[in-house]
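Heads up: the structure comes next, in structure tokens.
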Amino acid sequence: MDTSKMTSRDVQAAERREQILNISKKLFLKNGYHATSMRNINKEVGLSEALTYHYFPNGKLEIFKAVVESGHKKSMSQIQTVIKKFQDHMPLKDALVIYGKNIHTIFADDESVIPLVIRERNLLDKSEYKFINDTTQKLIDTFVSYLNNLKIKPQLKTFNLRLGILQYTYNFTTSSIFGESLFNDNYDEYINELADMTIKLWCK
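Spelled out as structure tokens, the structure:
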């Protein structure tokens with residue numbers, strides 16, 4: 000949005016809309032979609048019901064979908080940050096650890112909407128939660144490209160790279176849903192151990 004062409008009223012409306020989304024997101028993440036009412040949202044935002052509906056005429060579902068769209072954009076931004084971290088000269092252990100930590104951050108961050116979308120996907124059209132798959136695929140594509148570089152490829156056994164990376168990825172998407180403590184009290188140690196085990200499986 001070109002803010003230079005916005006009036007002060009437009010700016011105020013955009014800020015109010017953003018406030019509604021931020022507070023609604025926190026309530027959805029904490030309580031779930033169904034346990035969060037418009038009354039809860041109005042109370043936390045400090046607006047009348049009529050004013051909230053002015054910004055979101057279709058009510059709670061419209062707010063939820065706007066929260067998901069915003070979360071999608073954030074995930075895409077995070078992916079670009081991860082992609083920039085991968086360098087051809089990077090040792091495989093370092094790449095596996097960086098990949099694992101960033102997958103976990105994207106999926107398990109306190110502000111991530113991905114666990115919420117997984118729980119409430121019946122509220123969305125397939126195109127509206129397809130971004131979770133797109134997020135994972137872009138990360139896998141980045142890692143496949145890294146594994147195919149001339150310094151890493153000769154170290155590897157012959158196997159389906161995408162399938163191998165997908166299996167590795169599942170460890171972190173699963174922990175984002177069920178929590179770190181399910182796997183190890185020291186999550187950094189868990190990532191390092193998993194990286195070491197993966198190297199033994201993948202390398203000659």
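In numbering that gives the first Met the number 0, the protein residues as written are 0 to 203. The C-beta atom is built at its ideal place from N, Cα and C for all residues, glycine as well.
Quick check: what's the CA-CA separation for His103 versus Pro114? For His103 and Pro114, the distance between alpha carbons rounds to 12 Å.
So, for Asn39: in the same chain, excluding its five sequence neighbours on each side, which residues have a beta-carbon less than 7 Å away from its beta-carbon? The beta carbon of Asn39 sits closer than 7 Å to those of Leu26, all from its chain and outside the five residues before and after it, given in chain order.
If we ignore side chains and look at the alpha-carbon of each, how far apart do Lys150 and Gln79 end up? The alpha-carbon atoms of Lys150 and Gln79 are separated by roughly 23 Å.
Top-ranked residue by Cα proximity to Lys24, from Gly70, Lys199 and Phe171: The residue with the shortest Cα to Cα distance from Lys24 is Gly70.
Near Glu61, what residues of its chain come up, given a Cβ to Cβ distance below 6 Å and the 5 sequence neighbours on each side ignored? For Glu61, same chain residues with a beta-carbon under 6 Å away, outside a window of 5 residues either side, are Phe55 in chain order.
Take Met37 as the anchor and find which of Glu17, Glu14, Glu188 and Phe63 has the nearest alpha-carbon. Ranking Glu17, Glu14, Glu188 and Phe63 by Cα distance to Met37 puts Phe63 first.
For Leu26, list the residues DSSP reports as bridge partners. Answer is none; Leu26 lacks a bridge partner.
On the DSSP letters alone, give me the boundaries of the alpha helix (DSSP H) that Met200 sits inside. The sequence shown places Leu at residue 200, not Met. Where Leu200 is concerned, the enclosing alpha helix (DSSP H) starts and stops at Tyr186 to Trp201.
Leu165 and Ile198: beta carbons closer than 8 Å? Against a cut-off of 8 Å, the Cβ pair of Ile198 and Leu165 comes out as no contact.
State the DSSP-derived secondary structure class of Leu155, mapped to helix, strand or coil. Looking at Leu155 - three-state DSSP - the assignment turns out to be strand.
Counting only runs of 4+ residues fully inside the segment 43-67, write out the alpha helix (DSSP H) ranges in chain order. Runs found: 48-54.
Exposed or buried, Ala34, counting other C-beta atoms within 10 Å across all chains shown (16 or more means buried)? Around the beta carbon of Ala34, fewer than 16 other beta carbons sit within 10 angstroms, so the residue counts as exposed.
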